[in-house]
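In our numbering, the protein residues as written are 8 to 152.
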């Protein structure tokens with residue numbers, strides 16, 4: 008049985024569409040400049056009814072059959088892709104989480120530790136620094152009585 012849920016428009020890929028730029032979900036700069044909410048002209052807190060109304064209003068204006076513009080098909084596909092994502096509650100939630108992660112300011116990394124200071128050769132040879140130098144053996148200390 009076919010579910011009454013909205014099914015997205017399926018368009019066969021052309022060679023030009025395969026090399027299209029990445030979606031706004033993958034690019035932080037694109038996500039910051041144009042969200043799917045901006046495409047539909049609604050706020051991030053819009054209800055499902057507001058999203059549907061915005062989609063229908065924009066579809067009437069930008070549909071390739073209703074518009075003589077050369078870019079009408081591309082614009083309509085952008086609008087439809089935004090609606091397909093935002094109309095599904097699970098996809099909308101996933102989109103909102105990814106967008107929040109991309110736009111959230113990141114905590115700066117701590118500065119690297121300073122490079123180790125070389126020890127002074129004079130200090131290493133001093134009698135107060137016994138490290139790494141074996142004790143000198145003398146004839147008196149080697150005698151075992």
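Each residue gets a CB set at the ideal place from its N, CA and C atoms; glycine is no exception.
These numbers were taken from a predicted model, which means no experiment stands behind them.
query	result
In this structure, how does DSSP classify residue 72 when only helix, strand and coil are distinguished?	coil
How is the alpha helix (DSSP H) around residue 104 delimited, first residue to last?	96 to 110
Comparing C-alpha positions only, which one of 92, 99, 101, 62 sits nearest to residue 83?	62
In whole angstroms, what separates the C-alpha of residue 97 from that of residue 122?	49 Å
Quick check on DSSP: helix, strand or coil for residue 63?	helix
For residue 54 and residue 119, I'd like the C-alpha separation in whole angstroms.	47 Å
Do residue 71 and residue 80 have their CB atoms nearer than 7 Å?	yes
Look at the Cβ atom of residue 108, then the Cβ atom of residue 99, and state whether they are nearer than 7 Å.	no
Among residues of its own chain, excluding the 5 on either side of residue 65, which ones have a beta-carbon nearer than 6 Å to its beta-carbon?	86
According to DSSP, simplified to helix, strand and coil, what is residue 46?	helix
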